[in-house]
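Per UniProt numbering, the very first residue in the sequence shown carries number 1; after that it's consecutive. Cβ coordinates follow ideal geometry from the N, Cα and C atoms, glycine included. Fair warning: this is a prediction, and the values are worked out from it, not measured in the lab.
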Amino acid sequence: MEWSTSLDQGVASWLSASFAGSEMVDGLVNQLGSGSGQLALSLMWWEIKMCASVNMDSFFTSHHEMGHIQYYLQYKDQPFVFRNGANPGFHEAVGDVVALSVMSRDHLRHLHLLPGAVHSPEVEINFLYEIALQKIPFLPFGYLLDAWRWDVFAGKVGPEAYNRHWWDMRFKYQGITPPDKRTEQDFDPGCKFHVAANVPYIRRSLNIKFEIHQTVLAVALGTNTQKEGQTDTQMVERDKRRDRIRNHGNDSE
Numbered sequence: 001m002e003w004s005t006s007l008d009q010g011v012a013s014w015l016s017a018s019f020a021g022s023e024m025v026d027g028l029v030n031q032l033g034s035g036s037g038q039l040a041l042s043l044m045w046w047e048i049k050m051c052a053s054v055n056m057d058s059f060f061t062s063h064h065e066m067g068h069i070q071y072y073l074q075y076k077d078q079p080f081v082f083r084n085g086a087n088p089g090f091h092e093a094v095g096d097v098v099a100l101s102v103m104s105r106d107h108l109r110h111l112h113l114l115p116g117a118v119h120s121p122e123v124e125i126n127f128l129y130e131i132a133l134q135k136i137p138f139l140p141f142g143y144l145l146d147a148w149r150w151d152v153f154a155g156k157v158g159p160e161a162y163n164r165h166w167w168d169m170r171f172k173y174q175g176i177t178p179p180d181k182r183t184e185q186d187f188d189p190g191c192k193f194h195v196a197a198n199v200p201y202i203r204r205s206l207n208i209k210f211e212i213h214q215t216v217l218a219v220a221l222g223t224n225t226q227k228e229g230q231t232d233t234q235m236v237e238r239d240k241r242r243d244r245i246r247n248h249g250n251d252s253e
């Protein structure tokens, strides 16, 4: 197809200009330059729409979203009925597994995003504490957001009490209160995208990411390690990891 070949050439030119010097991108450009027109067509089906900043939070979030895309790619050739996550929580977990992998300090140093090469028990413990503070306090919020939505859907709370009920639940499950006086003229739960867009949220509380991450490391590194995993080392066995993700939840095949 002539138009798709031109598309390949256009994508190749953009990649070369935007990511000069990247070995991975150079390889992709070489594939695009083959003139088949198929690679750009396949790339067109996957995209991330994200308001990102140049900081570590966006760095980790973008990798989480790329984890979703990797999962999409692994089940795209399944029969239609299986073209979905094994369960809603599994999709979020796969995204978090990718984000956890790039949090590795060795990987960040490899990317020149973290200076020095300090390995000590104190550094390891502080890193684990940071992960724990990110994940454990989130659990009650991950539940209460959908619990509030369910109460609204069930008619247990009306519009005249939406905000009060929200903060009652925030206090009940998280022990926090609003920083300023709130009234029913405010709609604080609506600040969360998932409320405004009617997207279920409790799946984010299904914390199987660590079990999956440990299994991925065991497959990639050949040991049941719980130590810090280096993403570049894991990539040597990426086909094994892809097979595990691709076949998860499809035991009938």
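For P140, I'd like the list of residues in its chain whose CB is within less than 7 Å of its CB, leaving aside the five on either flank, ordered along the chain.
Y173 and Q174
Out of F138, D188 and H63, state which residue places its alpha-carbon closest to the alpha-carbon of A196.
Out of F138, D188 and H63, D188 has the C-alpha closest to the C-alpha of A196.
Could you give the DSSP three-state label for A52: helix, strand or coil?
coil
With 16 other Cβ atoms within 10 Å as the buried cut-off, status of G142:
Buried is the call here.
I think V216 touches V102, with their Cβ atoms under 8 Å apart; what is that distance to the nearest whole Å?
A Cβ-Cβ separation of about 13 Å leaves V216 out of contact with V102 under the 8 Å criterion.
Candidates A147, L128 and W167: which alpha carbon is nearest K181's?
W167
Near D186, which residues of its chain fall below 7 Å by C-beta distance, leaving aside the five closest residues on each side in sequence?
N163
Same chain, Cβ closer than 6 Å to E253, neighbours up to 5 away in sequence not counted:
Reliability fails at E253, whose pLDDT of 37 lies under 50, so the model's placement of it is uncertain and the value that follows must be treated cautiously. Cβ neighbours of E253 beyond the five flanking positions: none.
Candidates H91, Y75 and A52: closest to L206 by CA position
If you compare the alpha carbons of H91, Y75 and A52 with that of L206, the shortest gap goes to H91.
Between R204 and A93, what straight-line distance do the alpha-carbon atoms span, to the nearest angstrom?
8 Å
Give the list of continuous beta strand (DSSP E) stretches no shorter than 3 residues that lie fully inside the stretch 76-119.
Fully enclosed beta strand (DSSP E) runs of 3 or longer: not present.
For a test of the three-state rule: what should DSSP assign to I69, helix, strand or coil?
helix
Answer with buried or exposed for W148, where buried requires no fewer than 16 other C-beta atoms within 10 angstroms of its C-beta.
buried
From this set, I136, P159 and V81, which residue's C-alpha is nearest T183's C-alpha?
Per the Cα distances, P159.
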